[in-house]
Amino acid sequence: MKIATYNVNGINGRLPVLLRWLEESKPDVVCLQELKAPDEKFPLQAINDAGYEAIWHGQKSWNGVAILSRGSEIKELRRGLPGDPDDTHSRYIEALVNGVVIGCLYLPNGNPAPGPKFDYKLKWFSRFTEHAAGLVNRDLPVVLCGDYNVMPTEIDAYKPERWVDDALFRPETRAAFKNLTEQGWTDAIRKLYPTEVIYTFFDYFRNAYGRNAGLRIDHFLLNPALEGRLKAAKVDLHVRGWEKSSDHCPVWIELD
DNA sequence: ATGACTGGTGTGACCAGA
């Protein structure tokens with residue numbers, strides 16, 4: 016079973032690239048972030064024509080998450096993160112697909128920090144951690160994947176010293192990620208590649224992709240019931256080099 | 001240190017992203 020995550024940065028603007036990558040990569044399940052489209056503008060027909068069914072939680076202009084599946088029914092478990100009825104952002108959707116609980120998230124960026132956006136990020140993180148606590152020790156396999164907007168350690172950033180005051184790398188942010196994983200979650204990429212330099216995002220500025228000046232911010236967390244089934248994990252770096260690419264790369268795992 | 005690039009919105013001297 017191949018599960019992918021991809022921050023598309025606008026699903027309609029990105030549709031040709033998304034379809035090309037789906038055709039090439041053929042993941043069984045795909046978590047998408049940053050749809051930047053309201054529910055009624057989700058391109059369902061094109062997704063269906065590519066062989067996928069979908070559930071999504073859109074929003075005008077910003078945010079938006081979706082789960083796609085090829086060949087297996089998607090049973091939606093939740094849309095929206097619990098814990099704050101006033102939170103209007105579409106940043107979380109969760110489903111059961113082929114016996115695996117899939118949580119698809121788009122954690123807030125949080126810049127500029129400090130400030131209200133950073134406060135929102137930490138608050139969202141704390142709500143997410145609380146929700147994850149109810150999932151980690153389930154007998155069911157659970158994967159929480161998406162754009163975490165966190166570089167967990169220094170090797171996850173090109174020139175980490177430039178990011179120490181940034182919302183993606185501040186001590187509070189890294190501590191929140193550590194606090195989450197210490198519930199018992201396994202970072203799939205780091206389980207298979209503990210020390211390699213691996214990036215999932217490259218800024219549109221300054222030829223970041225060409226210079227390999229990236230960040231690792233898109234992650235797969237696996238609960239103990241799933242960890243032993245991890246066979247492979249990879250970043251589809253070449254997709255970032257395509258015309259009209261997202262600034263994020265697709266990332267995927269393969270399970271037994 | 002700064003600004004560079006992109007999508008969406010709507011035509012902004014825009015916002016937000018990371």
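To convert a position in the first sequence, counted from 1, into my numbering, add 15.
Glycine included, each C-beta is placed from N, C-alpha and C at the ideal position.
Look at Glu242 here: in three-state DSSP terms it is helix. If you keep only unbroken alpha helix (DSSP H) runs of at least 4 residues inside the region 192 to 222, you get 203 to 207. Under the DSSP assignment, Trp267 falls outside any alpha helix (DSSP H), being part of the beta strand (DSSP E) whose first and last residues are Val266 to Leu270. Here Arg142 carries a helix assignment [DSSP, helix/strand/coil]. With distances taken between CA atoms, Thr168 lies nearest to Ile232 out of Gly98, Leu137, Ile232 and Gly125. Its chain contains Tyr135, Lys136 and Trp139 as the residues whose beta carbon lies nearer than 6 Å to that of Pro123, once the 5 sequence neighbours on both sides are disregarded; these appear in chain order. Proximity to Tyr21 across Asn152, Arg35, Asn27 and Gln48 peaks at Gln48, based on C-alpha coordinates. Looking only at Arg177, Ala172, Gly130 and Asn113, the smallest Cα-Cα distance to Val157 is reached by Asn113. Exclusion of the five residues before and after Leu37 leaves Ala65 as the residues of its chain whose Cβ lies within less than 6 Å of its Cβ. The beta-bridge partner set that DSSP reports for Phe184 is empty. Bridge partners of Phe57 according to DSSP: none are assigned. In the DSSP annotation of this structure, Glu91 is not part of any alpha helix (DSSP H); the continuous beta strand (DSSP E) holding it starts and ends at Ile89 to Arg94. Measuring C-alpha to C-alpha distances from Asn27 to each of Phe217, Ala52, Pro42 and Phe133 identifies Ala52 as the nearest. Taking C-alpha positions only, Met16 is separated from Glu109 by approximately 17 Å. When rounded, the separation of the alpha-carbon atoms in Cys264 and Gln198 is 27 Å. In chain order, Gly125 and Ala182 place their CB closer than 6 Å to the CB of Phe133, counting only its own chain and leaving out the 5 sequence neighbours on each side. The criterion of a C-beta distance shorter than 8 Å is satisfied by Ile18 and Ile117.
The way I'd put it, the region 226 to 246 does touch the region 201 to 211; three or more beta-carbon pairs between them come closer than 8 Å. Residue environment analysis places Arg255 among the buried positions, since at least 16 neighbouring C-beta atoms fall within 10 angstroms of its C-beta.
Apart from the 5 residues on each side of it in sequence, Asn24 sits with its Cβ closer than 8 Å to the Cβ of Glu49, Lys51, Ser261, Asp262 and His263 in its chain, given in chain order.
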